[in-house]
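Reading through the structure tokens given below for one structure.
There are 2 protein chains.
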Amino acid sequence: MHDVKGLAWDDLRYFAVVARTGTLTAAGREIGVAGTTVGRRIAALEKRLRARLFDRTGDGFALTAAGGSLIEQARALEQGVIDLERRASGHDARIAGTVRLAASDTFAIEFLARELAPLRHAHPDLELELVSGQSSLNLMKREADLALRTGAKPTQPSLVVKRVGGVALGLFASAAYLKKHPFRGYEMWKGQDLIGFDGEMQQSSAGKWLDDNIRGARVVMRVNHLIVAGEAAAGGWGIALLPSWVGRRRGLHQIGPDPAYTNDVWLVVHEDLARVPRVRAVFDAVIAATRRGLGTLLI
Amino acid sequence: MHDVKGLAWDDLRYFAVVARTGTLTAAGREIGVAGTTVGRRIAALEKRLRARLFDRTGDGFALTAAGGSLIEQARALEQGVIDLERRASGHDARIAGTVRLAASDTFAIEFLARELAPLRHAHPDLELELVSGQSSLNLMKREADLALRTGAKPTQPSLVVKRVGGVALGLFASAAYLKKHPFRGYEMWKGQDLIGFDGEMQQSSAGKWLDDNIRGARVVMRVNHLIVAGEAAAGGWGIALLPSWVGRRRGLHQIGPDPAYTNDVWLVVHEDLARVPRVRAVFDAVIAATRRGLGTLLI
DNA sequence: ACGGATCTGCGCACTCATGCACAGTTGTCG
DNA sequence: CGACAACTGTGCATGAGTGCGCAGATCCGT
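Heads up: the protein sequence lines correspond to chains H and C, in order.
Heads up: the first sequence is residues 1 to 299, going by the working numbering.
Heads up: the second sequence is residues 1001 to 1299, going by the working numbering.
Structure below.
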């Protein structure tokens, strides 16, 4: 740009992203440009503002006092741009384009990928992006358009939340395992092998339930994924806490109370997007799929 | 830009400016780029948003329904950027750079331009931009850093306001005119020639005072500038309502009550800028200048 | 202590967005 | 009715901004 008056709004975006990621390269990755460019934009912004925004600390960029006093406003702008973009997408009346649906890996792999297939034929121009894994993608930041969540009802004010069913959890083991380790009762865990969780699964409701209810069993394996736990149980490693549907689907035997406990499942969408045709189409398809699969829900 | 994710913030700026100015060329002028560029940026934004933002109406760009529903957020972003920039300028501790001081033409020409000269020597790196004329430059939008205002006390919440004096207005005429048209008393306007106002001066407090108080005199000339009125009176056209100082400086004779009425003069600055050294320097210089010139203030 | 991974920052080659000139249109004023 | 001014949009030449490769620095884990 030659002689443009006022400051470059794009540079503020770079500022916000670098402040969040901490490095030029990571910021570049997020934005879709080379790290070098990010460095140059930041330099330009600092020159324009006549203030040093970051300390170059060798391992990345750290906000200076000046930068810190501005980052809050920059984040507000970032949120404002996202809001505007979301609003704008409401004016696209066609059922076409991309919709991002976030869900747990389990839900995505074992249920949605198959049950949402009718969408493909009903709306050929609709591109469904099924993002799974990252537990809590932020709908406010539009990391996803819709999300399937389990547990407590989401309470964010500007979200539209619909309960689509409940998921039953239970303890499962293979016939082979149970032959070698007869199940003697719900409080008799001594001598039993357990498949536990690690990573963030340990902090989940499933992980906590295991901690609270199973005492005395030996943890022979730790996994960070319910499906891996299911496969391990099927392989005879031991007892796993699984969505009932996952357990039954693998021919496992349930032990103890049925269900051990239950979770609610919620479909969540930002209110600005709820009325957008293509988002609505996915929303309805998920509702329909869960209605068909009711009683067989999983996390 | 190659394959950048997310939308270009700069384009939102173009959107806001085009919506305000109504044409590509005017928007380009304001931003400092060619009109063609603005057109291309808008086209890119519309493509990215998959929504038509403007109707091309032949005479300029008019917001569509979609554009209208977004413009408010874009303006909010625009304000946010301005706020951020203002905050950022507070981190520049040097008394250097540019400060924009807004004032009426009269004040600028007859008073500030001369009386603020000491600033030049006290702070060699300070560049004073004296913008006069446009009656109400918006401090919130940072069209100016400081402003001298007359009349009612500005009440905007985030402004720092200091009264720097009062301005006395009076009726003046040249000796030559008065010889031909002897002044017979304050209510005897028949046969007198009056210099009136047009344009937005007519709506000002001075214009209204003339309407309310002088009846029966013949308006022989209309001007949109107090200084022009002063020069006209000096040339013998007739009676003019002038800041007393302007009248006396030209050797005119005052008639009627002295003063005819008075106005307060306020120095106004945004609170974020009040503590910025270079702005503070100008602020203090204006205070000092008005203190020196007290009793001789003008609009 | 050492190799590997990750980061910043510089130089160079390239490409794409920009400015400019011009044509076509519309609105305005005398 | 004609001259003029202002605006949009197209084609083309140009240069500013970009990506890439590489060097140097720093950190981490073995």
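Glycine residues also receive a C-beta, built at the ideal position from the N, C-alpha and C atoms.
Is the Cβ of residue i closer than 8 Å to any Cβ of chain H?
{"i": "C/His-1091", "result": "yes"}
{"i": "C/Ile-1095", "result": "no"}
{"i": "C/Arg-1280", "result": "no"}
{"i": "C/Ala-1066", "result": "yes"}
{"i": "C/Val-1276", "result": "no"}
{"i": "C/Val-1269", "result": "no"}
{"i": "C/Ala-1019", "result": "no"}
{"i": "C/Ile-1287", "result": "no"}
So residue i contacts chain H; which residues on that side make the cut at Cβ distance below 7 Å?
{"i": "C/Asp-1010", "result": "Ala-8, Trp-9, Asp-10"}
{"i": "C/Arg-1013", "result": "Trp-9"}
{"i": "C/Asp-1083", "result": "Gln-73"}
{"i": "C/Ser-1069", "result": "Arg-87"}
Against chain C, does residue i count as a neighbour if the rule is that its beta carbon must be under 8 Å from one of theirs?
{"i": "H/Leu-49", "result": "yes"}
Count the other CB atoms, across all protein chains shown, that sit within 10 Å of the CB of residue i; report buried if there are 16 or more and exposed otherwise.
{"i": "H/Ser-244", "result": "buried"}
{"i": "C/Asn-1138", "result": "exposed"}
{"i": "H/Thr-106", "result": "buried"}
{"i": "H/Met-201", "result": "buried"}
{"i": "C/Gln-1192", "result": "buried"}
{"i": "C/Ala-1065", "result": "exposed"}
{"i": "C/Gln-1073", "result": "buried"}
{"i": "C/Asp-1211", "result": "exposed"}
{"i": "C/Glu-1110", "result": "buried"}
{"i": "H/Tyr-177", "result": "buried"}
{"i": "H/His-123", "result": "buried"}
{"i": "C/Asn-1004", "result": "Strictly speaking, residue 1004 of chain C in this sequence is Val, with Asn absent from that position. It is exposed - the Cβ of C/Val-1004 has fewer than 16 other Cβ atoms within 10 Å."}
{"i": "C/Ala-1051", "result": "buried"}
{"i": "H/Glu-46", "result": "buried"}
{"i": "H/Thr-155", "result": "exposed"}
{"i": "H/Thr-150", "result": "buried"}
{"i": "H/Arg-114", "result": "exposed"}
{"i": "C/Tyr-1186", "result": "exposed"}
Mind pulling the chain C residues with CB within less than 8 Å of residue i?
{"i": "H/Ala-76", "result": "Gly-1080"}
Show which residues of chain H have a CB atom less than 8 Å away from the CB atom of residue i.
{"i": "C/Val-1004", "result": "Ile-31, Gly-32, Val-33"}
(message) Output needed in chain order: residues of the segment 1021-1045 of chain C with a Cβ under 8 Å from some Cβ in chain H.
(response) Glu-1030, Ile-1031, Gly-1032, Val-1033
(message) So within the segment 1162-1233 of chain C, which uninterrupted beta strand (DSSP E) runs reach at least 3 residues, ignoring any that extend past its ends?
(response) 1193-1197, 1218-1223
(request) Run through the segment 84-118 of chain H for me and flag every whole beta strand (DSSP E) of 3 or more residues, listed as ranges in chain order. (result) Assignment of beta strand (DSSP E) within the segment 84-118 of chain H, counting only whole runs of 3 or more residues, yields 97-103 in chain order.
(request) Can you give me, in chain order, the residues of the segment 1134-1155 of chain C that have a beta carbon less than 8 Å from any beta carbon in chain H? (result) none
(request) Run through the segment 12-63 of chain H for me and flag every whole alpha helix (DSSP H) of 4 or more residues, listed as ranges in chain order. (result) 24-31, 35-49
(request) Pick out the complete alpha helix (DSSP H) segments inside the segment 231-277 of chain H, 4 residues or longer, and give them in chain order. (result) Listed in chain order, the complete alpha helix (DSSP H) runs (minimum 4 residues) inside the segment 231-277 of chain H are 244-249, 271-274.
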